[in-house]
Structures are given as structure tokens and as C-alpha cells.
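Chains as they are written, first to last, in our numbering: chain A, 1 to 253; chain B, 1001 to 1284.
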């Protein structure tokens, strides 16, 4: 209760400072809009449907790109974990590529795929697949040997051992990989959408800039933040809570 | 000299061969490991057998290769030479279907409920769902855990986890159940309780059990027969048939008496181990 009050107080104060700075006219309103202006922009966007369209398009893209990343990341991670040679070669490439911001892939993507959906998807996948790969690999590698031994002794071999023992045993790692992957995918998508005309939330943001409409820019930024937060806090937090319930606290550290 | 004890109480420790036909036979088995320092011989030309329905305990100093022997018998490892026979036939690749192992760390699956843990082996054998749940429930009843079937592993005490592991193996009705120091990490009270439980379950099911431990009294408490292995390379040093009536009790003075003889011989092997491991350092 006290924590919640603290939080509310903090955000109210922040809004108040924002309002005061706005009223002092330090910057002109088109550079520094009021909280109310941002709220109205948000309201307007919701009413005329431009936000709904943009969110719909962005969500469709990220769903596709993220799904692709999960499949590819799981497969790559398993492959790296299963062979020393693959780890030594592909594994080191993956580690190297992970330090590359995903937006760097955009010029390449545009040359290869043109100004198309595929180019954006490519950037999203490149952004998130490596985090998922690395965590999958760590997850499978860190499965205690005893689970595999017990599993084999109970008759789980080959694909059965993988599906019924190794995969569930590495679940805590997989989920943190998926969570990281999601965060990277979301960032990559928005940056990709900002750079070329493509509809979507990133595009809506840039439209605000082109129209010198700072209220819209802030409104869309707010929206991007809330959407990312919701998936992280509602969706992933739920999965993590379930895993913690099953595994006990030992596995979450 | 140690034989004197037996002469005092001959009816208590009758020397006898296992009454039932051999379930598992170890025939001249050796196991060598290649290490940097050279080839280490863990087991050397060891021969022994396990009778149908017998409770056999294997003791020895640490490093005598008792776990290696268990792994070989259970098909988790292959001998460098020699053969292992099950039911009068050399074992083949399919033997892990019939031989079940309970490891010291148990390896229960934290992502499954107690019931699903117990039903796991049946699922891997493609037993249909209704049947495997029924059989898993039966096994849980046997170990007195019926009320906990929906629990997850981390919610159980050490003793309860042992029972889940027992049920998970017993549900498969294995030819031989191998146990590798399963109670080593338990506190004394829980261990006593598990001894009672295991003895009861063994009598109810007639399950053939091979039990490896470094605890001599535990071995005598449980076994029809106790095999003492020598320090590296492991061979059978002495075989002790234990004729004490069941159910047995840890506090039984006859049990302590029987333990004295085994302990005296174990001591010789431990001294050998100490000489080998610290002898060089001491002479320097």
C-alpha cells in the first residue's frame, strides 16, 4: 500500500513539474507540449482510428517476426549446445553478431528485400533471434546431468528425451531468453518502422515529427512504452510466476 | 579370527547360497578407465550373482568401484571385458527397459507433479493415459504418498522425495531395482524410516534389489546378503549372508554383532586405500 502511494505521488509530481515548465513558456508549445495536449493527441488518435491501425500493423509484424525468431532461435540454440564444433564456429559468430545493433541490418534488408514487409521482418528477426539462441544454448547446457540420466533410465531416448526432459528442464532459461528476445524485437521493430515509410507505430511517431506535432510524438512514445511494458509485465511475469510455483524458488535464481 | 563370531551364533548367520535362481549374473567383468596418469583399473575380473527376489547390498571403501559395478549391472556403462547376464541371457541394448536405477540425487523432475513424475516411465513406454494414471496411483499408494499426487517436488520433504523416486521406479515393475547410496543425504530419523519402508515394500512386492552403500550397518539392516568389495581394483573380498529375521531393527544387538565382522574387513580395505593415497606423501 505504501509502495503504491509512493509510486502515485512520484508520477503526479512528475506531471505537475511538466505542467509548470509548460506554463512558464521556457520553450514554445510546439516544442514542449502540455500534458493535456499529449492526452488530447492520444484521444484524437484513438478516435480517428490512426492509432488502432498503427498498433494493429505493428502487432502483426512483431507477432510474425517474433514467432520466426523463436523457432529459429530454439533450433540454433539446440544445435550450438549439441555440438562442440558448432559452438566453436556458429556460436562465436552469434556472440559477435549480438553486439551489433539490429538497425544496422536495415540498409542490407532494404537492398535485399526492397521497401517491404520482409525488410522489416528481417530486422526484427535479426534483433531478437540471437538473444533467444544464446539463452536456449545456456539453458540446455545447464540442465543438470542427473535429469538426463534419470530420463534415459526411465526409457526416454532421442527426441523423447529432448521433448520430455531436456526442454522442460531448461524452461527457466528459455523464458528469460524469450523475454529478452521480445524486448529486442520490439525495439528493432519500432526503429525499423521509423526509418522507412511503413505505417505502424514507428511511422506514426515520425509523422508527428514531420508535422511538427510534438504532442503526437509524445503520445505515440507513451503508447510504445505502455505496450512493451504490458507484454513484459503481464504476459512474461505470469509465465515466470507459474514456473516459480512449480520449481520452487531454487530455480529462479 | 573374525570367524569366531559366526561360530558363536551359527543359526543366526547360516552360510548359504541364494535360494532362488540367479536373476543377474556378473561374469569375469573388468572395467578400466583411461586417465592422464595411465590406465586405472576400477574393477578387476569380478564375478557375482543376484538371486531372483533377493535384496543384495554392496559395501566397500570409497573408490572401490561399487558405483562403477552398479552402473555396469544397470546398463549405464559397458564393461571393458566380461559379460553380464540377465535371466540366463547376455544383456543387450534393450535392458534399460528392465533395469531401474535410483540415483543418490534422485533426479525427480521439478516441472512435473508427483503423479506425473511417477507416471513418466510409463508414458515413455507409450502406456495409454488412463492405465498409466491408475498404475501410478497404485505405486503412490504403496509408498503412502496418495495424498500428495498433485504436489510439486520442491514442496516435499527429503523422505517424501525418496518415496516418489521409489514409486517412479517400482511402477515400471523392473527386473532389478538398483539403488546407489539413496539415503546418504537423509537425517538419521528419516533414514530409519526409509529403511522400514523399503523393507516393507520389498517384502510386499518381491522386487529384486541391489543396494550400494558405504554404511555397513545400513547394508546389514537391509540385505539378504552383503558383498564387501576390495579397494582398487574392486573385487569381491567377502560375501556375508545375513540370516537375521525380518523386520529388522537398527538397534538389534545381533545386527551390531554382524556389523563388527564386516567392519573389521572393511577397515583393512580402508587402510589400503589410505596407504595408497597418502603413502607417497608420508614417505617423503
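Built from N, CA and C at the ideal position, the CB exists for glycine as well.
Keep in mind that this is a model prediction, so the values were computed, not measured.
Since residue i meets chain A, which of its residues come closer than 8 Å, beta carbon to beta carbon?
i, result
"residue 1125 of chain B", "155"
"residue 1152 of chain B", "245, 246, 247 and 248"
How is residue i classed by DSSP in three states: helix, strand or coil?
i, result
"residue 1045 of chain B", "strand"
"residue 1085 of chain B", "strand"
"residue 1029 of chain B", "strand"
"residue 1266 of chain B", "helix"
"residue 1011 of chain B", "Because residue 1011 of chain B carries a pLDDT of 45, less than 50, the predicted location of this residue cannot be relied on, and no value is offered for it."
"residue 215 of chain A", "helix"
"residue 1095 of chain B", "Since pLDDT at residue 1095 of chain B reaches only 48, below the 50 mark, its modelled position is unreliable, and the value read off the structure follows with that caveat. Three-state result, residue 1095 of chain B: helix."
"residue 223 of chain A", "helix"
"residue 1064 of chain B", "coil"
"residue 114 of chain A", "coil"
"residue 84 of chain A", "helix"
"residue 1051 of chain B", "strand"
"residue 1141 of chain B", "helix"
"residue 1100 of chain B", "strand"
"residue 1056 of chain B", "strand"
"residue 1150 of chain B", "coil"
"residue 1131 of chain B", "helix"
"residue 1247 of chain B", "coil"
"residue 1292 of chain B", "No answer is possible for residue 1292 of chain B: it lies beyond the span of chain B, which begins at 1001 and ends at 1284."
"residue 1107 of chain B", "coil"
"residue 129 of chain A", "helix"
"residue 1038 of chain B", "strand"
"residue 1284 of chain B", "Because the pLDDT at residue 1284 of chain B is just 45, under 50, the model does not fix this residue reliably, and the point stays unresolved."
"residue 1090 of chain B", "strand"
"residue 1075 of chain B", "coil"
In terms of residues, what are the limits of the beta strand (DSSP E) holding residue i?
i, result
"residue 1180 of chain B", "1176-1180"
"residue 1225 of chain B", "1225-1229"
Out of the options, which has the shortest C-alpha to C-alpha gap to residue i?
i, options, result
"residue 73 of chain A", "A:117, A:54, A:128 and A:156", "A:128"
"residue 103 of chain A", "A:95, A:121 and A:89", "A:121"
"residue 134 of chain A", "A:175, A:160, A:32 and A:20", "A:175"
"residue 130 of chain A", "A:200, A:111, A:154 and A:178", "A:178"
"residue 166 of chain A", "A:138, A:187, A:186 and A:215", "A:138"
"residue 213 of chain A", "A:172, A:44, A:105 and A:110", "A:44"
"residue 148 of chain A", "B:1108, B:1275 and B:1071", "B:1108"
"residue 313 of chain A", "A:207, A:35, A:173 and A:24", "The structure shown does not extend to residue 313 of chain A, since chain A is modelled only from 1 to 253, so the question has no answer here."
"residue 240 of chain A", "B:1105, B:1085 and B:1111", "B:1111"
"residue 1103 of chain B", "B:1155, B:1259 and B:1180", "B:1180"
"residue 1125 of chain B", "B:1173, B:1086, B:1242 and B:1159", "B:1173"
"residue 164 of chain A", "B:1274, B:1121 and B:1086", "B:1121"
"residue 1081 of chain B", "B:1156, B:1207, B:1043 and B:1206", "B:1043"
"residue 1090 of chain B", "B:1235, B:1033 and B:1027", "B:1027"
"residue 1213 of chain B", "B:1171, B:1191, B:1207 and B:1202", "B:1191"
"residue 222 of chain A", "A:116, A:153, A:198 and A:190", "A:190"
"residue 1164 of chain B", "B:1148, B:1123, B:1178 and B:1177", "B:1148"
"residue 1175 of chain B", "B:1277, B:1129 and B:1074", "B:1074"
"residue 1206 of chain B", "B:1040, B:1053 and B:1032", "B:1053"
Taking residue i as the query, report the chain B residues whose CB atoms sit under 8 Å from its CB, ordered along the chain.
i, result
"residue 147 of chain A", "1107 and 1109"
"residue 35 of chain A", "Those within 8 Å of residue 35 of chain A in chain B number zero; the least Cβ separation is about 47 Å."
What does residue i reach in chain A if we use C-beta pairs closer than 7 Å?
i, result
"residue 1101 of chain B", "153"
"residue 1121 of chain B", "154 and 155"
Locate the alpha helix (DSSP H) running through residue i, then write down its first and last residues.
i, result
"residue 1242 of chain B", "Premise fails: residue 1242 of chain B is in no alpha helix (DSSP H) and is neither H nor E."
"residue 95 of chain A", "92-98"
"residue 244 of chain A", "237-247"
"residue 38 of chain A", "35-48"
"residue 1169 of chain B", "1158-1170"
"residue 5 of chain A", "2-23"
"residue 1117 of chain B", "1114-1124"
"residue 254 of chain A", "There is no way to answer for residue 254 of chain A, as the model of chain A reaches only from 1 to 253."
Which residues in chain B have a C-beta closer than 7 Å to the C-beta of residue i? List them in chain order.
i, result
"residue 150 of chain A", "1103 and 1107"
"residue 160 of chain A", "1124"
Closer than 9 Å by beta-carbon distance: list the chain B residues that pair up with residue i, in chain order.
i, result
"residue 171 of chain A", "1111"
"residue 29 of chain A", "The premise fails here: residue 29 of chain A is roughly 56 Å from chain B at the closest Cβ pair, so nothing lies under 9 Å."
"residue 107 of chain A", "Residues of chain B passing the Cβ test: none, with the nearest at roughly 44 Å."
Are the C-beta of residue i and some C-beta of chain E separated by less than 8 Å?
i, result
"residue 1234 of chain B", "The structure shown has no chain E; the protein chains it does contain are A and B."
**OP:** Ignoring anything shorter than 4 residues or poking outside the stretch 137-171 of chain A, list the alpha helix (DSSP H) runs there in chain order.
**Re:** 145-153 and 158-161
Original post:
Which ranges does the beta strand (DSSP E) cover as unbroken runs of at least 3 residues, wholly within the stretch 1189-1224 of chain B, from first to last along the chain?
Top reply: 1208-1212
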